[in-house]
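Read in numbering that gives the first Met the number 0, the sequence shown has 284 at position 285, and its numbers run on one by one without any break.
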Amino acid sequence: MQITLESKPFAQLEADALVTYIFEESDPIQGRVSEIDAVTGGLLKKIASSGESTGKTLEFTLIHAPVGLKATRLLLVGAGKRAQFSGATLRKVAGAALRYLKSRSIKNFAFLVREDAANADTAQAVAEGFITANFETDKYKTEKKNGKEIDAVRIAGFSDSEKSAGEKGLATGKIIAEAQNFARDLVNEPSNKLTPKILAERAEAMAKEAGLAVEILDEKKIADLKMGAILSVSQGSVEPPRVIVITYTPANAKPGAPVIGLVGKAVTFDTGGISIKPADGMEKMKYDMAGGATMLGVIRALAALKPNVKVICVVPSTENMPGGKAQKPGDIQTAMSGKTIEVLNTDAEGRLILADAIHYAKQLGVTHIVDAATLTGAIVVALANINVGVFGSDQAWTDKLLASAKASGEKMWPMPMDDEYREFIKGSFADMQNIGSGKGGGSITGAWFIREFAGDTPWIHLDIAGTAWNDDAKPWLAKGPTGVALRTLVHLVQSF
Ligand code: BES
Ligand code: ZN
Ligand code: ZN
0 MQITLESKPF AQLEADALVT YIFEESDPIQ GRVSEIDAVT GGLLKKIASS
50 GESTGKTLEF TLIHAPVGLK ATRLLLVGAG KRAQFSGATL RKVAGAALRY
100 LKSRSIKNFA FLVREDAANA DTAQAVAEGF ITANFETDKY KTEKKNGKEI
150 DAVRIAGFSD SEKSAGEKGL ATGKIIAEAQ NFARDLVNEP SNKLTPKILA
200 ERAEAMAKEA GLAVEILDEK KIADLKMGAI LSVSQGSVEP PRVIVITYTP
250 ANAKPGAPVI GLVGKAVTFD TGGISIKPAD GMEKMKYDMA GGATMLGVIR
300 ALAALKPNVK VICVVPSTEN MPGGKAQKPG DIQTAMSGKT IEVLNTDAEG
350 RLILADAIHY AKQLGVTHIV DAATLTGAIV VALANINVGV FGSDQAWTDK
400 LLASAKASGE KMWPMPMDDE YREFIKGSFA DMQNIGSGKG GGSITGAWFI
450 REFAGDTPWI HLDIAGTAWN DDAKPWLAKG PTGVALRTLV HLVQSF
């Protein structure tokens, strides 16, 4: 799918469809849309006054053969109340329009941005909306969706003088959304197609292509480094673990400058281990590597966007299986940091692999850490599939992340980290235990466990268990992997 910027007047655009959006207000036919109304002989005002088009969010009105336009169709998409309109709405409107037209076998269309919106942010949001909406999860279907493909999209409404800003936004949007789809493709892979070894190979190939430094730690190196927490999880599987380390170094890197560590949980399949999960829904545990995939996507985007700060991405990857050698409840493990851990529940494995990965990232010199993980079912109870749970040890660092989430249009919610919760994970027979002792707050105790390994280094943990996977398709996104948090993290690094 080709996306370009277009500066021709809308009436002159030849396309299978001209798309624009209207707001939910007493008269939704205003501004640029009233210009369309004028060339189409008052058609839009008629449709609006009949109540057919109200501007309600993602309401579609498809008009065939509109007079006065060269486009063969006109599609109006509701964008909701003007006061609540944001880049996030625009991204959804653009994405939903693409999926709507694609399902109707349309090959090319032009998306007309509204008056006063022809800027870089708009072009970026629209491009992101298109590219993420165009991603399908039919990779393993032998019959694709009857060849329904969008060939070309134009973003229109940019004058010649606005075009260069638009081109910049478009280029950024492409980089970010393609990285997001790269992550989503990994998340969508079933565990037989994506073992830790294969994930490492794919990460290595990506890094080489992007010009990033990469090192893959295999099971021997992991053992040499005494990453006992990772090994404790991987020992139940015949598939060996991997730790993927990818480094982005800016051109003018200065010694002593901050280094951001991006750590992502990549359990390619989580059966729960000996504390085995119920069969119902277990198939979804292929997405337990979404945190790792997100971080790989982030660093892929950074390689192209070239921010001014060094970033080290550490992705521990393993299966969590109940094999004959699997760890058992009550086993005591020694993490790379030297801390001992009583494994009371083998299904709380994400925090174990993150413990060693964070310790290792610190050894590599990171000064600020963000981890992303499908860590707990409890975050789904707390925030459903709407918000990412945000846990932090440092207010300034956490505030930056929350500001980036806001700017990127991703919903994230700060969770409490009071010292009292820390008591829940004090071990009876070792330094720590990997689950809280029966007092609720499961996402917080999980976060506290990880925090113990970040120590004094400013740290943020994103629990994406509820948000990394859509059980149902959205008008703007296929069912399945969402690529959540990628845009926020790219923004965080770029604004550092
Ligand atoms: N991978 C799961 C968390 C999860 C749950 C991800 C639902 C996606 C959707 C994690 O490893 C896990 O099993 N956590 C346990 C922790 C518990 C044993 C303290 C959980 O949430 O039940
Ligand atoms: Zn688990
Ligand atoms: Zn897990």
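Heads up, the beta-carbon is just placed ideally off N, CA and C, and yes, glycines get one too. Computed from a predicted structure; not experimentally measured.
Please state whether the Cβ-Cβ distance between Leu169 and Gln123 is less than 8 Å. yes
Okay, do the region 209–217 and the region 165–183 touch, 3+ Cβ pairs below 8 Å being the bar? no
With DSSP collapsed to three states, give me the class of Lys309. strand
Check whether the region 280–288 and the region 216–226 touch, using three or more Cβ-Cβ pairs below 8 Å as the test. no
Are there any heavy atoms of ligand 1 lying less than 7 Å away from the beta-carbon of Asp346, as far as the coordinates show? yes
Rounded straight-line distance, which links the Cα of Thr375 to that of Gly445: 7 Å
Cα-Cα, which of Gln394, Ala477, Glu238, Ser25 is closest to Lys192? Glu238
Quick check: the Cα distance between Ala360 and His63, rounded to an integer number of angstroms? 57 Å
Since Arg450 is in the alpha helix (DSSP H), which residue starts that stretch and which ends it? 441–453
Would you say Pro8 and Thr39 are within 8 Å of each other, going by their C-beta atoms? no
Taking 7 Å as the cut-off, is the CB of Gly50 close to at least one heavy atom of ligand 1? no
Using the beta-carbon count (16 or more within 10 Å), is Phe498 buried or exposed? An answer regarding residue 498 cannot be provided, because it is not within the stretch 0 to 495 covered by the chain.
Taking 7 Å as the line, does the beta carbon of Thr270 fall inside it for any heavy atom of ligand 3? no
Might you give, ordered along the chain, the residues of its own chain that have their beta carbon closer than 6 Å to the beta carbon of Asp393, omitting 5 neighbours on each side? Pro457
Rounded to whole angstroms, what's the CA-CA distance from Asp470 to Ala132? Just pull it up for me. 16 Å
Verify the contact flag: Asn319, CB atom, against every heavy atom of ligand 2, threshold strictly below 7 Å. yes
Within the continuous alpha helix (DSSP H) that includes Val32, where are the two ends? 30–38
Over what stretch of residues does the beta strand (DSSP E) that includes Trp475 continue unbroken? Neither: Trp475 is in no beta strand (DSSP E) and is coded neither H nor E.
Given a cut-off of 8 Å on the beta-carbon distance, is the pair Gly391 and Ile449 in contact? no
How should Val380 be labelled, buried or exposed, when 16 other C-beta atoms within 10 angstroms of its C-beta is the threshold for buried? exposed
Quick one: grab the DSSP three-state call for Asn180. helix
Please list the terminal residues of the continuous alpha helix (DSSP H) segment that includes Leu491. 485–493
Beta carbon of Ile357, beta carbon of Asp370: below 8 Å? yes
Compare the Cα-Cα distances from Gln179 to each of Ser442, Phe22, Ala467 and report the closest residue. Ala467
Three-way DSSP call (helix, strand, coil) for Pro195 in this model: helix
Going residue by residue through the region 377–438, where are the continuous alpha helix (DSSP H) segments of at least 4 residues, counting only ones entirely within it? 377–382, 394–407, 418–421
Per-residue DSSP class, three states only, for Leu185: helix
Using the three-state DSSP reduction, which class does Tyr139 fall into: helix, strand or coil? coil
Out of Asp355, Gly465, Gly291, Gly156, which one is the CA nearest neighbour of Ile221? Asp355
Just tell me which of Thr373, Thr270, Thr248, Glu208 has its CA closest to the CA of Gly235. Thr270
For Glu200 and chain C, any beta-carbon pair shorter than 8 Å? Here there is only one protein chain, and chain C is not present.
Is Ala16 near Leu100, with beta carbons less than 8 Å apart? yes
Are the CB atoms of Gly291 and Gly263 within a distance shorter than 8 Å? yes
Let me know the secondary structure DSSP gives Asp287 once reduced to three states. helix
Contact between the region 289–309 and the region 245–258 (3+ Cβ pairs under 8 Å): yes
Just grab the DSSP bridge partners of Glu23 for me. According to DSSP, which records beta bridges pairwise, Glu23 is partnered with nothing at all.
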